[in-house]
Amino acid sequence: MSDLLIIGHRGAPTAAPENTLPSFLLAAQTGAQMIELDVHLSKDGRVVVIHDETLDRTTSGTGPVTACTLASLKKVDAGISFSAQFAGTRIPALEEVFTSLPRRIGLNIELKTNVVNYPGIEAKVLAIINRYRAQTRVIVSSFNWTSLSTLHRLEPQLRLGLLFNRLEPDLWVQAGLLNVFSLHPALTCTSSQLIWQAHSWGYKVFPWVVNDPGLVLKLKTAGVDGIITDCPQAIMQAMG
Ligand code: G3P
Ligand code: CA
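Numbered continuously in the numbering used here, the sequence shown closes out at residue 1010.
As C-alpha cells, then:
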C-alpha cells in the first residue's frame, strides 16, 4: 500500500469532527499521508476551514460563514455536535493547519468557491502556502475551475487538482490549460479508461470518497495513485 497515497477526507471524520485540528491530527497519526480540507473566507477576509457555506450543520452557530469575522467564528463550537468528547473544538484558520501538522503531511486544500464567490480567496490561499514554504506539500483543488485558472495565473508551479462529479466535455482541455497535477473524480466517474487517459497526460488520479478497503484494492489494481477517504485509519489497518 505504500505507493498509494491515503488522503483523509476532511481529516478523519468518522472518528473526530470534520475539518478540525483534532480530526487532521488523528488522520495524520493513523496513517494518512495527506489531509483534504475545505476553505471559505470570513467577513474580515480570513481563510477558514469548514465544509459548508453555513455554520449550522457542523457547529453550534448558525448563518453564513461569510457573515462572521474570524473572532466570531472562533466563538462557535465545531466539536460538540460530533461528540461531547470534542466540546470546545474550534474552526481553524488555514494558518493553524500549517502550524499544527507535521511538514511530512501533505495538504489538499479545496477552495469552496462553487456556491459563494469569495473575491481574492485564491491569492490569500497562495500567500499562506508561500508563507509556510509549503508548495511541495500542497495540492489545491476546486469544483470551480475558474478559481483554479486564477491560481494558475498567479503561480504556474502550484500543484492543482481538478475536482469533478460529472464527466464534462471539456475536462481534458481544462486539465491541459491548467497543467493540473491531478484529477479528483467522484467515484462514479472513475474508470479504467479515465485512469489510463489521465496517466497518458501525466496526471495523477485521486478518486473520492472511498471507504471500503476491498474497493481500495480494486482501485489500486486499476491504477489510481491515491484515494480520498473518510476513514484513513480503517483503510490503513485493513491494508496492513
Ligand atoms: O475533494 C473531494 C471532496 O472533498 C469533494 O466533495 O463535498 O466532500 O467537499 P466535498
Ligand atoms: Ca472537500
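Heads up, the beta-carbon is just placed ideally off N, CA and C, and yes, glycines get one too.
- About 14 Å separates the beta carbon of Phe976 from that of Asp1000, a gap too long to meet the 8 Å contact definition.
- A Cβ-Cβ contact shorter than 7 Å links Pro787 with Ala848.
- Check the Cα spacing between Gly876 and each of Met1009, Glu823, Thr916 and Ile899: the tightest is with Ile899.
- Here Thr960 is buried, its C-beta having at least 16 other C-beta atoms within 10 Å.
- Looking from the CA of Asn884, the closest CA among Asn935, Leu928, Thr906 and Val908 belongs to Asn935.
- A residue is called buried once 16 or more other Cβ atoms fall within 10 Å of its Cβ, and Asn887, having fewer, is exposed.
- Less than 7 Å separates the beta-carbon of His810 from that of Lys882.
- These are the residues, in chain order, with a beta carbon less than 6 Å from any non-hydrogen atom of ligand 2: Glu806, Asp808 and Glu880.
- Looking at the DSSP output, Glu880 shares a beta bridge with Asp808 and Ser911.
- Taking C-beta atoms as the reference points, Asp808 and Glu880 count as a pair closer than 7 Å.
- A contact is defined here as three or more CB-CB pairs under 8 Å, and the stretch 904-915 fails this definition with respect to the stretch 818-837.
- Taking C-beta separations shorter than 6 Å and ignoring five residues to either side along the sequence, the partners of Ala1008 in its chain run Pro983, following chain order.
- Inclusion of Thr920 and Glu892 in the CB contact set at 7 Å is warranted, their separation being smaller than that value.
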